[in-house]
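Engineer: Sharing a structure with you now.
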Amino acid sequence: MKLSDKMAYESYADMMFGTAIKPVTTKHGLVIGGGFVIPEIVPHPRPGSEKTLKTLMREFERANFDALERCVLVGHPAIVIENEHISQMTNNPDWGMEITIQTAKQIEEFKIKYGLKAAYRATIADIRRPDRVNLRDSEATAKVLESFEKCAEAADIISIESLGGKEIFDYSIIRNDITGILFSEAILGGRDMEWLWTRIVDIAERKKCIAGGDTDCARSNTAMFMAGGFISKDIPHTLAALTRAIGAARTLVAHECGATGPGKDCGYENPILKAITGMPMSMEGKSSACAHPDLCGNVIAAVCDLWSNEAVAYHNMFGGTTPAVFAEILGYDAAAMNSAVALGFQKEFQACLVNSDRYRGPHGFILSPDNAWHIGKAIVENSRSMYARSKAAAFKCAELLLGDPNLRITGYEKESLLGYLKVLESLPDEENDFIDLCMRKYKNVNGFKPDSYGLQ
Amino acid sequence: MKYSTDTSGIFTRFDMEIEVTRRSIRRISSDFALQAIADCVADGDEEKTEEAVKEALEQKDPLEIIHEGLIPGMNEVSRLWDEGVYFLPQVILSSDAMMAGIKLCEQKLGKPLKKKGKIITHTAEGDIHDIGQSIVNALLNADGFEVINLGTDVPIDVVVEACLAHKPIMLTGTALMTTTMSAFPKIAAKLKSMNFNIPFVCGGGAVNEEFVTGFDLGIWGKEASQAPAMAGDILEGAHWQELRSKWNG
Chain A
29 MKLSDKMAYE SYADMMFGTA IKPVTTKHGL VIGGGFVIPE IVPHPRPGSE
79 KTLKTLMREF ERANFDALER CVLVGHPAIV IENEHISQMT NNPDWGMEIT
129 IQTAKQIEEF KIKYGLKAAY RATIADIRRP DRVNLRDSEA TAKVLESFEK
179 CAEAADIISI ESLGGKEIFD YSIIRNDITG ILFSEAILGG RDMEWLWTRI
229 VDIAERKKCI AGGDTDCARS NTAMFMAGGF ISKDIPHTLA ALTRAIGAAR
279 TLVAHECGAT GPGKDCGYEN PILKAITGMP MSMEGKSSAC AHPDLCGNVI
329 AAVCDLWSNE AVAYHNMFGG TTPAVFAEIL GYDAAAMNSA VALGFQKEFQ
379 ACLVNSDRYR GPHGFILSPD NAWHIGKAIV ENSRSMYARS KAAAFKCAEL
429 LLGDPNLRIT GYEKESLLGY LKVLESLPDE ENDFIDLCMR KYKNVNGFKP
479 DSYGLQ
Chain B
55 MKYSTDTSGI FTRFDMEIEV TRRSIRRISS DFALQAIADC VADGDEEKTE
105 EAVKEALEQK DPLEIIHEGL IPGMNEVSRL WDEGVYFLPQ VILSSDAMMA
155 GIKLCEQKLG KPLKKKGKII THTAEGDIHD IGQSIVNALL NADGFEVINL
205 GTDVPIDVVV EACLAHKPIM LTGTALMTTT MSAFPKIAAK LKSMNFNIPF
255 VCGGGAVNEE FVTGFDLGIW GKEASQAPAM AGDILEGAHW QELRSKWNG
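Residue numbers (this note's numbering), protein chains in the order written: chain A, 29 to 484; chain B, 55 to 303.
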């Protein structure tokens, strides 16, 4: 796998919502990144609906129909529906396939009846638990790959939130251990993604389906959620920001293996990926408050191509069911951005989005288009190894956080950041030396299986 | 792009306004060796804690080291966390350091230290998001409870069998997803049918109060940090209804 060594965007000033240098077209004819922001709705089934295939199909049939119907009702011209597999759907690959076929039919019916442009993203559950199975050779691995094969038949886009490295990440994040985080992301996560995404892209090419992308959700979002809001005390926001920058170098591997975008919505690192790859990206912010809070509700929309809600459990609200309500909200957000483009005010609109959250906290700051681009540049300029580019991303992130006096961080946050920098500076220059160091340090962590990553 | 330097009308940085001045641990012993052990625990330095404990064991009784060095050091960490001075990783590292020190003392004693009570923790079947459970485990360990960690993706019957075998004072369940938390009422129903009415504290991303208080034995845990205090209430005689009434509603 060749690591990226140049930026798709020559300047962050060229990055804009709705437009990507390399747009993609789905099998249903929807162009993503072609000049318009498109909503991406993600409904989640209610507890109990997973009992049988029949009950689950009914749940998704209602949820997906409600979203499609609301688009027609209020005049949203296009939508992407994403169903993130619950474990039952990947453990029984036929379940995932049946729901995919059902949704593809619904989309076709809405296209014929109303001319609504829609597409379906099937996100396979990564049921390979790093602490229990060999990631490359287990029954769970076989089911994941079988699910991709079966869903790719009818889905427009396939994706996954891969888990490689999570066992070391979880151990490290609660111990304030930046070395372990770097190891889990750059070495373990990177290797697992290369193995997995080579196979996903092969399936997508054979099935004429789009290999969308991955996300660092299992690691960077864990860190971001633990950092929480302004009164949370689990981990420093500066550690979450460093994790995000490091995680971007990991998620990028999907695209280096041939994924074309749109990247997964919960990949908050996607502005960095868009800067490097020029591919369309899905993002989520204020619209995903139904799933979790964050401190970058508007800024994250600044360069989005799909605008998503992460996941909303299916139930009734005063205004209808949640998929219907959120499809409407997302669609209106997209309409506002598309109006800005139509009026030629997109730069001004983007500036409003960015200024809302640029200085709200470290995450919003590093994901502002200029800073995201600079982190991307650090990644491509250090393409000699996954380790080198991940570490470079962390250094650039820290440099940016410390370099703008308008970004205020607490004394403890700053002290923590300086501590992580000191540790990063003490690490070896070469990847093999770093791996040797980490294999000694983490060999006894519960569930760590070097074989899963081709390590001895 | 233009960046506004006056953000007062855009957001309020409450974290800057409430930042707690950093404070160090209080002096917990006039004995130099015990204070040194407490300091090492508070620093979260496992290696140095072990060195300090080994050195102290040459002169002192293991129980004295535990009760007057290791545990008071950890108590100081808990206080600083409660007061918003320490972050979670400092608590976890200090817990690791204290546990390493206790292990050395137990070796010298020739028997394990009597714990406050047994608690079983697990993450629901179908769910692998166990970071919340890891935090609960560390905090309960730090508070002197014996944690029986069943891990992630634990089938209902395994949880029930473990409860019958270990007779814990409390069971905890963690779930991130709505479709996995449905295991919790099933576990509670099985325990109740066997007349094993232990408090079952459930928490995690998708788990909410309405759901957990909808079945007998269930108590909603909003934060992992509540677990030791809930277990403390049980030691003082609270049954599941009292626990629910205190922590939920």
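From the three backbone atoms N, C-alpha and C, an ideal C-beta is built for every residue, glycine too.
The structure presented is a predicted model; accordingly, all values stated were derived computationally and were not measured.
#1: Within the 9 Å Cβ cut-off, does Leu194(B) reach chain A?
#2: What is the residue span of the beta strand (DSSP E) that Pro51(A) lies within?
#3: Excluding sequence positions up to five away, which residues of its chain have a Cβ less than 7 Å from the Cβ of Lys236(A)?
#4: Compare the C-beta of Phe269(B) with all C-beta atoms of chain A and state if any pair is closer than 9 Å.
#5: Contact criterion: CB-CB distance below 9 Å. Does Thr349(A) meet it with respect to chain B?
#6: In whole angstroms, what is the alpha-carbon distance linking Ser454(A) and Thr266(A)?
#7: Which residues of chain B have a Cβ atom closer than 8 Å to the Cβ of Lys261(A), listed in chain order?
#8: Taking the straight line between their C-alpha atoms, what separation do you get for Ile263(A) and Phe253(A)?
#9: Nearest to Pro73(A) by alpha carbon, out of Thr83(A), Glu376(A), Ser212(A), Lys178(A)?
#10: Can at least three beta-carbon pairs, one atom from the segment 294–307 of chain A and one from the segment 325–342 of chain A, be found at a separation below 8 Å?
#11: On the DSSP letters alone, give me the boundaries of the beta strand (DSSP E) that Gly62(A) sits inside.
#12: According to DSSP, which residues form a beta bridge with Asn434(A)?
#13: Beta-carbon within less than 7 Å of Phe462(A)'s beta-carbon, same chain only, minus the 5 sequence neighbours each way: which residues are those?
#14: From Ile140(A) to Asn111(A), what does the alpha carbon distance come to, in whole angstroms?
#15: With distances taken Cα to Cα, identify the nearest neighbour of Leu430(A) among Leu446(A), Ala421(A), Arg417(A).
#16: For a cutoff of 9 Å on Cβ pairs, would you count His104(A) as touching chain B?
#17: How would you label His113(A), buried or exposed, when you count the other beta carbons within 10 angstroms and need 16 or more for buried?
#18: Note down, in chain order, each residue of its chain lying with its Cβ closer than 8 Å to the Cβ of His343(A), except the 5 sequence neighbours on either side.
#19: Beta carbons nearer than 7 Å to chain A: which residues of the segment 246–264 of chain B have them?
#20: Taking its Cβ as the centre, do 16 or more other Cβ atoms sit within 10 Å of His293(B), making it buried, or is it exposed?
#21: So, using beta-carbon positions, are Gly306(A) and Ile127(A) closer together than 9 Å?
#22: Specify the secondary structure class of Pro478(A) as computed by DSSP and reduced to three states.
#23: Would you say Glu78(A) faces chain B, with C-beta separation under 9 Å as the test?
#24: Please confirm if the segment 222–233 of chain A is in contact with the segment 78–89 of chain B, defined as three or more CB-CB distances below 8 Å between the two stretches.
#25: Hey, how far is the Cα of Leu428(A) from the Cα of Trp123(A)?
#26: Applying the 10 Å Cβ sphere with the 16-neighbour rule, what's the burial state of Lys157(B)?
#27: So Met224(B) is in the beta strand (DSSP E); what residue range does that whole segment cover?
#28: Using a C-beta cutoff of 9 Å, does Leu147(B) count as contacting chain A?
#29: Taking Arg160(A) as the reference, which of Asp244(A), Val473(A), Leu483(A) has the closest Cα?
#30: Would you list the one or two residues that DSSP bridges to Leu334(A)?
#31: Leaving out five residues on either side along the sequence, give the residues of the same chain with a beta carbon under 7 Å from the beta carbon of Ala339(A).
#32: Using a Cβ-Cβ distance under 9 Å, would Gly193(A) count as near chain B?
#33: Thinking Ala92(B) and Ala110(B) are a contact (beta carbons under 8 Å), I'd like their distance in whole angstroms, please.
#34: Taking the beta strand (DSSP E) that Gly495(A) belongs to, which residues open and close that run?
#35: Looking only at its own chain, which residues have a Cβ that is under 7 Å from the Cβ of Asn399(A), when we skip the five neighbours before and after it?
#36: Looking at the secondary structure, which residues open and close the alpha helix (DSSP H) in which Arg272(A) lies?
Structural biologist: In this structure, then:
#1: no
#2: 47–53
#3: Lys55
#4: no
#5: no
#6: 19 Å
#7: Trp135, Gly138, Tyr140, Phe141, Leu142
#8: 9 Å
#9: Thr83(A)
#10: yes
#11: 59–62
#12: Asn434(A) is not bridged to any residue.
#13: Tyr415, Leu455, Pro456
#14: 22 Å
#15: Leu446(A)
#16: no
#17: buried
#18: Arg74, Thr349, Thr350
#19: none
#20: exposed
#21: no
#22: helix
#23: yes
#24: no
#25: 46 Å
#26: exposed
#27: 224–228
#28: yes
#29: Val473(A)
#30: Ile66(A), Ser310(A)
#31: Val70, His72, Glu112, Ala319
#32: no
#33: Not a contact, Cβ separation roughly 11 Å.
#34: Lying outside 29 to 484, the shown extent of chain A, residue 495(A) is not represented and no answer is given.
#35: Phe393, Leu428
#36: 265–284
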